[in-house]
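Colleague:
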Amino acid sequence: MAPSETAVEKELESKEPSVLTPKVFDKPEHFINRELSWLEFNRRVLEEAQDPNVPLLERLKFLSIFSSNLDEFFMVRVAGVRRQIDASVMTKGPEGLLPREVMDAMSKKIHELTSVQHDYFFDALLPQLNKEGIFILKPDQLTDEQLIFAHEYYKQSVESILTPLAIDPSHPFPHLANRTISLVAEVKPSAPSKLPKTNLAIIPVSFAVIPRFVRLPSPESTYHFILLEDLIRLYLGELFKGYDVVNCYTIRVTRDSDLQYDEDPSEDLIKAIAESLRNRRKGAAIRLQYDQGFSEPILKMLVQELDLEAEDLYPTRGFVAFSDLMQLYNNLDVDRLKDPPFPPQRVKEFETGTDMFSVIRNGDILIHHPYQSFDYVTRFLREAAEDPQVLAIKMTLYRIAANSPIAMALQLAAERGKQVAVLVELKARFDEEANIQWAQKLEDAGAHVIYGMAGLKTHCKVCLIVRQEKNKIRRYCHLGTGNYNDRTSQIYGDLGLFTCHPRFGEDLTNLFNVLTGYSVPSKFHRIKMAPTELREAFIGKIRREVSNAKEGKPAQIIAKMNALVDKQIILELYRASQSGVTIKLIIRGICCLRPGVKGVSENIEAVSIIDRFLEHARIFYFQNNDQPEYFLASSDWMPRNLDQRIEVMFPIKEPKYQQMLWNIVQAQWSDNLKARRFQQDGTTARVKNEKKKIRSQILLYDMAVKEAQA
């Protein structure tokens with residue numbers, strides 16, 4: 080379906096012959112490896128955890144996010160590089176590195192970062208938590224009262240769900256589930272016996288039903304916890320009756336979790352993905368975390384059984400799975416140690432007491448989440464479900480929350496006899512199971528559910544509501560940069576447009592015909608769609624700025640996104656830079672472009688912002704000889720977005736909202752507290768200036784408050 084990068088490039092080059100072509104800049108030294116760039120992003124998350132200006136429990140949260148990010152990086156990216164190595168792949172990336180070289184560089188960096196994380200937690204963060212009356216106690220630190228409580232808790236809630244698994248010639252090595260903590264116990268008979276002198280057992284510890292941080296009786300205004308695995312250690316003797324526990328260690332295995340399935344059109348996609356999900360649990364081990372001081376013979380046995388390399392081993396200082404600290408954060412109701420609340424602001428146009436359709440008929444409305452409430456999106460669907468004049472609802476869903484009010488509204492609409500067509504993307508990584516469950520619920524309610532397109536992920540976020548009004552049909556649309564997920568919308572920075580403009584209505588009607596049936600993508604009026612035309616659209620607009628710059632006209636590009644990886648786009652930006660186009664990039668995560676390189680990218684600057692909200696919006700500004708164009712999109716500048724996904728870019732034409740987008744990018748570009756500038760070597764550095772301190776997310780929230788009160 081998608082034209083190849085080479086085909087697009089040849090077509091565009093033929094339209095604009097130039098001595099200074101993008102190919103001039105195609106050299107390994109002009110690119111940063113994407114995996115190493117991502118690790119630099121996660122280093123920034125760790126830096127936020129270390130920032131003394133961040134409230135104490137928010138630092139705890141960032142430490143958890145750093146580990147959670149790293150877990151997923153291992154399960155997908157490290158696992159992918161490992162598969163390349165195992166397959167003897169000798170293809171170099173744009174930066175000139177072989178898979179083996181990438182693995183070596185990643186391993187070195189990850190070991191460095193996790194060492195910093197452990198030292199910071201034990202030497203800085205934990206003592207500060209203790210000063211605030213928050214303690215994670217070891218078994219030998221418990222009082223008599225706490226020991227009585229711990230034993231009762233063990234007997235009532237823990238003991239019956241533990242399953243010790245012996246390891247000996249008659250018991251095969253057990254499967255260790257992905258990201259599950261296990262205890263490895265060395266035991267020996269308490270009395271003389273013919274049994275082996277020392278035996279080994281593994282006890283998997285599940286936090287699915289029991290929290291890892293067990294709250295103990297605590298003095299007033301204090302919080303005492305014990306880790307579940309430490310509580311179990313206290314009573315291992317009761318688990319191994321007739322044996323003495325010689326040693327007990329904690330381990331955690333991370334496994335390859337990237338889904339592998341065959342998208343044969345003749346196969347049921349739900350069945351294929353469900354089978355792949357079952358196989359995911361058995362993926363190859365790619366990391367072993369374990370206590371320092373671990374028995375060398377046992378470690379050697381684990382390495383052999385799990386088929387690991389030395390680079391896959393990560394010793395810890397007595398605490399594995401920092402990602403679980405989020406549980407502790409959620410259990411500590413200490414407001415003074417957390418960020419002050421930023422309640423989402425109301426949008427005054429929708430607060431007139433009339434239905435949303437009447438408001439949208441008066442003009443487009445653009446909302447900036449989470450500064451402005453996501454409830455309007457939920458209300459949009461709920462009103463549509465309950466409105467007898469609404470005939471049909473069509474929508475794409477990528478990541479669906481467990482108790483999604485949006486999915487419930489679609490369910491209600493279908494039950495009330497409206498035509499409901501929902502594309503549920505079953506291939507949304509790590510949300511596959513939730514999406515399958517909702518797909519089946521929606522089908523049961525009578526909705527037409529489509530499971531995506533073979534070979535492509537549907538990543539666009541669009542909704543079309545068809546309504547009968549007097550003697551005509553009117554189409555109401557919502558297009559966004561973020562998922563229709565009421566939970567993530569509280570912490571993800573995204574934008575969404577409500578409109579009933581006929582051109583948007585025609586475009587989304589045609590788009591859904593492509594998604595739900597057999598329809599060749601037509602020329603759209605307003606939107607641009609990947610993988611058929613979005614790459615060409617971006618390149619065309621970059622080249623228009625090049626032409627303007629060559630003619631002495633104003634030429635500037637400002638692009639805000641999650642990641643910049645696409646080689647062809649980077650080459651076009653290098654050529655634009657050398658043609659005199661000013662380029663400002665706001666990139667949350669991966670940036671494979673090297674800014675500020677003489678003769679290549681002097682006119683390119685790039686910043687990254689990590690703060691309390693996750694920057695997720697995609698905004699694209701092209702100066703266009705002072706006839707500026709503004710676009711929002713679901714797509715980043717990555718090959719997967721431009722070539723392997725259904726994505727949508729759409730224009731913002733209303734002057735009021737163009738100014739709103741300009742204010743957003745200018746606020747973020749002026750940030751000198753949470754922003755970091757990308758350096759030529761791929762690292763990031765603090766913004767150095769003597770200006771007034773600006774934290775863009777607070778500035779944007781203040782703008783939303785002002786707008787609500789106007």
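For the sequence shown, position 264 (counting from the first letter as 1) is numbered 343 according to this note's numbering, and the numbering increases by one without interruption.
Just so you know, even glycine gets a beta-carbon here, dropped at the ideal spot from N, CA and C.
Since the model is a prediction, treat every value here as computed from it, not as a measurement.
1. Use the C-beta contact count for Ala389: other C-beta atoms within 10 angstroms, 16 or more gives buried, fewer gives exposed.
2. Leaving out the 5 sequence neighbours to the left and right, which residues in its chain are closer than 6 Å to Asn148 when beta-carbon positions are compared?
3. Does the segment 562-580 touch the segment 621-634, meaning 3 or more C-beta pairs lie closer than 8 Å?
4. What residues are listed by DSSP as bridge partners for Met532?
5. Specify the secondary structure class of Val469 as computed by DSSP and reduced to three states.
6. So, do the segment 360-372 and the segment 321-334 have three or more beta carbon pairs nearer to each other than 8 Å?
7. Spatial neighbours of Ala464 within its chain, please: C-beta separation below 8 Å, excluding the five flanking residues on both sides.
8. Thinking C-alpha only, which one of Ala184, His604 and Lys102 is nearest Gly584?
9. Check whether the Cβ atoms of Arg440 and His197 sit closer than 7 Å, and answer yes or no.
10. So, at 6 Å on beta carbons, what are the nonlocal neighbours of Leu558 in its own chain, with the 5 sequence-adjacent residues on each side left out?
11. What residue range does the alpha helix (DSSP H) around Glu317 cover?
12. Near Glu211, what residues of its chain come up, given a Cβ to Cβ distance below 8 Å and the 5 sequence neighbours on each side ignored?
13. Run through the DSSP bridge pairs and tell me what Glu265 is partnered with.
14. Going by beta carbon distance, what residues of the same chain come within less than 7 Å of Leu125, once the five residues before and after it are set aside?
15. Pick helix, strand or coil for Arg312, following the three-state DSSP scheme.
16. Roughly how far, in whole angstroms, is the beta-carbon of Phe459 from the beta-carbon of Met474, given that I think they are within contact range, below 8 Å?
17. Can you name the start and end residues of the beta strand (DSSP E) that Lys663 belongs to?
18. Tell me whether His580 sits in a helix, a strand or coil according to DSSP, three-state version.
19. Starting from Pro730, follow its DSSP beta bridges and name the residues at the other end.
20. Give the DSSP-derived three-state secondary structure of Gln759 in the structure shown.
21. Does the segment 281-288 come close enough to the segment 209-227 that 3 or more CB-CB pairs lie under 8 Å?
22. Helix, strand or coil: how does DSSP classify Ile215 here?
23. Whether or not the segment 689-707 and the segment 637-654 are in contact is what I'm after, with contact meaning three or more pairs of Cβ atoms, one per stretch, closer than 8 Å; do they touch?
24. Label Ser656 either buried or exposed according to how many other C-beta atoms from any shown protein chain fall within 10 Å of its C-beta, with 16 as the threshold for buried.
25. Am I right that Pro218 and Asp309 are in contact with their C-beta atoms under 8 Å? What's the rounded C-beta distance?
26. Using the Cα positions of Arg359 and Gly159, report the straight-line distance between them to the nearest angstrom.
27. Could you tell me whether the segment 678-696 touches the segment 547-563, using the rule of 3 or more Cβ pairs below 8 Å?
28. Could you give the distance in angstroms between the alpha-carbon of Ala270 and the alpha-carbon of Phe141?
29. Using CA atoms only, rank isn't needed, just tell me which of Pro107, Asn589 and Ser300 is closest to Arg554.
30. According to DSSP, simplified to helix, strand and coil, what is Gln129?
31. Kindly give me the distance between the Cβ atoms of Arg774 and Arg765, rounded to whole angstroms, as I take these residues to be in contact under 8 Å.
32. Grouping DSSP H, G and I as helix and E and B as strand, with all else coil, what is His448?
33. Between Asp165, Glu174, Arg138 and Asn257, which lies nearest to Phe200 when the distance is taken from Cα to Cα?
34. Specify the secondary structure class of Leu416 as computed by DSSP and reduced to three states.
35. Tell me which same chain residues have a C-beta within less than 7 Å of the C-beta of Leu387, skipping the five on either side of it?
36. Just verifying my parser: in three-state terms, what is the DSSP assignment at Ala764?
Modeller: On the basis of the coordinates in this document:
1. By one-based count along the sequence shown, residue 389 stands at place 310. Result: exposed.
2. Along the sequence shown, read from residue 1 onward, the residue named residue 148 stands at position 69. Here the set comprises Asn121.
3. no
4. What you label residue 532 is simply residue 453 of the sequence shown in a count that begins at 1. Answer is Leu535, bridged to Met532.
5. Position 390 of the sequence shown, counted from the first residue, corresponds to residue 469. Strand.
6. yes
7. Translated into positions along the sequence shown, residue 464 becomes position 385. Excluding sequence neighbours, Ala464 sits near Ile472, Ala488, Leu489, Leu491, Ala492, Arg495 and Lys497.
8. As a working mapping, residue 584 is identified with position 505 in the sequence shown. For Gly584, the nearest C-alpha among the options comes from His604.
9. Position 361 of the sequence shown holds residue 440. Position 118 of the sequence shown holds residue 197. Cβ atoms of Arg440 and His197: not closer than 7 Å.
10. The residue given as residue 558 occupies position 479 in the sequence shown. Val541, Leu576 and Phe729, listed in sequence order.
11. As a working note, residue 317 is residue 238 in the sequence shown. Counting along the chain, the alpha helix (DSSP H) containing Glu317 begins and ends at Leu315 to Leu318.
12. Looking up residue 211 in the sequence shown gives position 132. Here the set comprises Leu135, Val413 and Leu416.
13. Counted from its first residue, the sequence shown places residue 265 at position 186. Answer is Leu279 and Asn326.
14. Here residue 125 corresponds to residue number 46 of the sequence shown, with the count starting at 1. Phe145, Leu192, Val195 and Gln196, listed in sequence order.
15. Looking up residue 312 in the sequence shown gives position 233. Residue state, collapsed to three classes: helix.
16. In the sequence shown, residue 459 corresponds to position 380, counting from 1. In the sequence shown, residue 474 corresponds to position 395, counting from 1. That belief does not hold up - the Cβ atoms of Phe459 and Met474 are roughly 10 Å apart, past 8 Å.
17. What you label residue 663 is simply residue 584 of the sequence shown in a count that begins at 1. That run of the beta strand (DSSP E) goes Thr661 to Ile666.
18. Translated into positions along the sequence shown, residue 580 becomes position 501. Coil, per DSSP.
19. The residue labelled residue 730 in the question sits at position 651 within the sequence shown. Answer is Phe710.
20. If you number the sequence shown from 1, residue 759 lands on position 680. In this structure, Gln759 counts as coil in the three-state DSSP scheme.
21. no
22. As a working mapping, residue 215 is identified with position 136 in the sequence shown. Looking at Ile215 - three-state DSSP - the assignment turns out to be strand.
23. yes
24. Counted from its first residue, the sequence shown places residue 656 at position 577. Per the 10 Å Cβ criterion, buried.
25. Numbered from its first residue, the sequence shown carries residue 218 at position 139. Numbered from its first residue, the sequence shown carries residue 309 at position 230. About 5 Å separates the two Cβ atoms, so the contact holds.
26. In the sequence shown, residue 359 corresponds to position 280, counting from 1. In the sequence shown, residue 159 corresponds to position 80, counting from 1. Confidence at Arg359 is low in this model, with a pLDDT of 47, below 50, so the placement of that residue should be treated as unreliable; the coordinate-derived value is given next. Distance between the alpha carbons of Arg359 and Gly159: 14 Å.
27. yes
28. In the sequence shown, the residue the question calls residue 270 occupies position 191. In the sequence shown, the residue the question calls residue 141 occupies position 62. Near 49 Å, if we compare the C-alpha coordinates of Phe141 and Ala270.
29. What you label residue 554 is simply residue 475 of the sequence shown in a count that begins at 1. Nearest option by C-alpha distance: Asn589.
30. For the purposes of this step, residue 129 is taken as the residue at position 50 of the sequence shown. It is helical.
31. Here residue 774 refers to the residue found at position 695 of the sequence shown. Here residue 765 refers to the residue found at position 686 of the sequence shown. Not quite, the Cβ-Cβ distance comes to about 13 Å (not below 8 Å), so this is no contact.
32. Within the sequence shown, numbered from 1, the residue matching residue 448 stands at position 369. Correct three-state label for His448: strand.
33. Here residue 200 corresponds to residue number 121 of the sequence shown, with the count starting at 1. The option with the nearest alpha carbon to Phe200 is Arg138.
34. Sequence index remark: in the sequence shown, residue 416 carries index 337 (1-based). Of the three classes helix, strand and coil, the one that applies to Leu416 here is helix, per DSSP.
35. Locating residue 387 in the sequence shown gives position 308, where the first residue counts as 1. If we look at Leu387 and ignore the five residues flanking it on each side, its Cβ neighbours are Ala364 and Leu367.
36. Sequence index remark: in the sequence shown, residue 764 carries index 685 (1-based). The answer is strand: DSSP assigns Ala764 an E or B state.
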